[in-house]
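Peer 1:
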Amino acid sequence: MDDAQVKFNIFDFKFTPLNRNAKSKNSLSILKEAIQHINDEKTQKQKAIVIDRHDNREGTESRNIFISSAAYLLKDKIFKCRIALIREHKIPTLVNRTTYSLTSFDELGDKAIAETTNFYIDVSGDIPVVCCEFNNNGPRILDIEYYFRYITSHSMLKISKACKASLHMDSSVSNVLDSITDVLKFRIKTKPNRLSYLYQEVEDPFISNLNALANTVSPNSLKIEASFRDISKSSGQSKNIPAVNLIKRVLSAIKNDSNVTEEFDDFYVEYEGEGGIEDSFNLLKGKKEIIITCSYKSPGNYNTKELYDFTKIEFAKYLQERIFEKP
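Each residue of the sequence shown is one higher than the last, beginning at 11 in my numbering.
(1) Could you spell out the range, first to last residue, of the beta strand (DSSP E) harbouring E143?
(2) At the level of alpha carbons, what is the spacing between K171 and I88?
(3) I need the boundaries of the beta strand (DSSP E) containing D405, first residue and last residue.
(4) Please list the segments of the beta strand (DSSP E) lying wholly inside the stretch 24-88, counting only runs of 3 or more residues, in order along the chain.
(5) DSSP puts A236 in a beta bridge; with which residues?
(6) How many Å lie between T314 and A94 at the Cα?
(7) Could you please give me the residues that DSSP links to A94 through a beta bridge?
(8) Under three-state DSSP, which class holds N147?
(9) In the DSSP output, what is K174 paired with across the bridge?
(10) I need the boundaries of the alpha helix (DSSP H) containing D188, first residue and last residue.
(11) Out of curiosity, what's the CA-to-CA distance linking A326 and K42?
(12) Using DSSP with H/G/I as helix, E/B as strand and the rest coil, what is K258?
(13) So I257 and V183 are in contact, right, with Cβ under 8 Å, and what is the actual spacing, rounded?
(14) What is the DSSP secondary structure of I101, reduced to helix, strand or coil?
(15) Considering only residues of the same chain and omitting the five flanking positions on each side of G296, which have a CB-CB separation below 8 Å?
(16) Determine the burial state of S176: buried for a count of at least 16 other Cβ atoms within 10 Å of its Cβ, exposed for fewer.
(17) Could you check which residue in E213, L205 and F23 has the C-alpha nearest to that of P229?
(18) For the putative contact between Y318 and K90, defined by C-beta atoms under 8 Å, what is the C-beta separation to the nearest angstrom?
(19) Just to check my reading of the structure: A80 and I161 have Cβ atoms closer than 8 Å, yes? What is that Cβ distance to the nearest angstrom?
(20) By Cβ distance, which residues of its chain are closer than 6 Å to N128, with the 5 residues on each side in sequence left out?
(21) Taking E211 as part of the alpha helix (DSSP H), name the residues at either end of that continuous run.
(22) Quick one: give me the first and last residue of the beta strand (DSSP E) that I302 is part of.
(23) If you compare alpha carbons, which of N185, R150 and N250 is closest to N269?
(24) Could you tell me which of A122, R97 and F158 sits nearest to E71, measuring between CA atoms?
(25) Note down, in chain order, each residue of its chain lying with its Cβ closer than 7 Å to the Cβ of L329, except the 5 sequence neighbours on either side.
(26) Under a three-way DSSP split, which group does Y278 fall into?
(27) Between F216, N225, M166 and H64, which lies nearest to E235 when the distance is taken from Cα to Cα?
(28) Output the distance between the C-alpha atoms of N106 and L112, rounded to the nearest integer angstrom.
(29) With a threshold of 16 other CB atoms inside 10 Å of the CB of T321, please say whether the residue is buried or exposed.
(30) Note down, in chain order, each residue of its chain lying with its Cβ closer than 7 Å to the Cβ of C304, except the 5 sequence neighbours on either side.
(31) My assumption, with CB atoms under 8 Å, is that R63 sits in contact with I77. Please give the rounded CB distance.
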């Protein structure tokens, strides 16, 4: 059996304490209190805290998530965690590897299928830094963010008023916002049912026009590519202010609420920055990554001890390099 190639993304985990706790709590202490509560529920009541991320979304399937484990490794100063997503709407089938016949899960009883995602939280600094496995079918970074936001907010522990997962990017959203002066080209892909929410967050006529188009022809998805002038051509032409405003509004919405990221299947822009420097930004492919090779314990199941041991080494190298890169 070939080894697995596992991709991890990195993000800072920032919590904002309530005003009354501003002097006594910070991101680190809030995170630890949340994990303690999760573990207490499991050890004292023998149950997990299950949260439906889509609880307030009409016409959307439930997305029930829970932390299945969160162990602190003192030597590494890391919380080794796993989050699960319960698959209640589309159950897979079993395949016989010899005959390739399929067997359905007809009688699960009180059991359900779950997808799991591994993530490791470094707590050696003031701001927790998370190394999170990318699992296309399972829980993602925004699920982790929502889960901890819910637990620490007024809904449960009442110790924070905000929680944000700030992805480490090759080029940050803030950098693009600060430097963009003109748009050369952009590519946007999304689903029609996301456009109403996007317009609420972005408030740009381009999005409302896309919504009108979707309502007219009812496509499964919308992909828009727009070119204004070729990259590396003379920048003596007048700036495309409406396009700049659109990109800035989208990026500002993403910066203010990382959930907006999920509404795009693709978001790519080529732009001109200060001093005429040309650059590009890819929202979905510009994330910092760590790629780990590990073995399988059984078909489809990683050797999780090996995965952690290898990831820990590369994660530590990444954090050390990041320290040296800071001015």
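Even for Gly, the Cβ is constructed at its ideal location relative to N, Cα and C.
Peer 2: In this structure, then:
(1) Residues V139 to E143.
(2) Near 25 Å, if we compare the C-alpha coordinates of I88 and K171.
(3) Shown here, the chain extends from 11 to 337; a query on residue 405 therefore has no answer.
(4) Fully enclosed beta strand (DSSP E) runs of 3 or longer: 74-83.
(5) Listed as beta-bridge partners of A236 by DSSP are F196.
(6) In this structure, the straight-line span from the alpha carbon of T314 to that of A94 is close to 15 Å.
(7) Beta-bridge partners assigned by DSSP to A94: F76 and T126.
(8) Reduced to three states, the DSSP call for N147 is coil.
(9) DSSP lists K24 as the beta-bridge partner residues of K174.
(10) First-last of the alpha helix (DSSP H) with D188: V183 to S189.
(11) Between the alpha carbons of A326 and K42 lies a gap of roughly 20 Å.
(12) In the three-state DSSP reduction, K258 falls in the helix class (H, G or I).
(13) 11 Å between Cβ atoms; not a contact.
(14) Of the three classes helix, strand and coil, the one that applies to I101 here is coil, per DSSP.
(15) Excluding positions up to five away in sequence, the list reads M179, D180 and S181.
(16) The residue is buried, with at least 16 neighbouring Cβ atoms inside 10 Å.
(17) Closest option to P229, Cα to Cα, is L205.
(18) Indeed they touch by this definition, with Cβ atoms about 6 Å apart.
(19) About 11 Å separates the Cβ atoms of A80 and I161, ruling out a contact at the 8 Å cut-off.
(20) Here the set comprises R92 and E143.
(21) From DSSP, the alpha helix (DSSP H) with E211 extends over L205 to V212.
(22) Boundaries of the beta strand (DSSP E) around I302: E299 to C304.
(23) Nearest of N185, R150 and N250 to N269, Cα basis: R150.
(24) Comparing Cα-Cα distances from E71 to each of A122, R97 and F158, the minimum goes to R97.
(25) Contacts found: D132 and V139.
(26) Strand at Y278.
(27) Residue F216 is the option with its Cα nearest to E235.
(28) Whole-angstrom Cα-Cα distance: 6 Å.
(29) T321 counts as buried, since at least 16 other C-beta atoms from the protein chains shown sit within 10 angstroms of its C-beta.
(30) Counting only Cβ-Cβ distances below 7 Å, and skipping sequence neighbours, we find D13, A14, V16, Y312, N313, E316, L317 and F320.
(31) Contact between R63 and I77 fails: their C-beta atoms lie close to 13 Å from each other, not under 8 Å.
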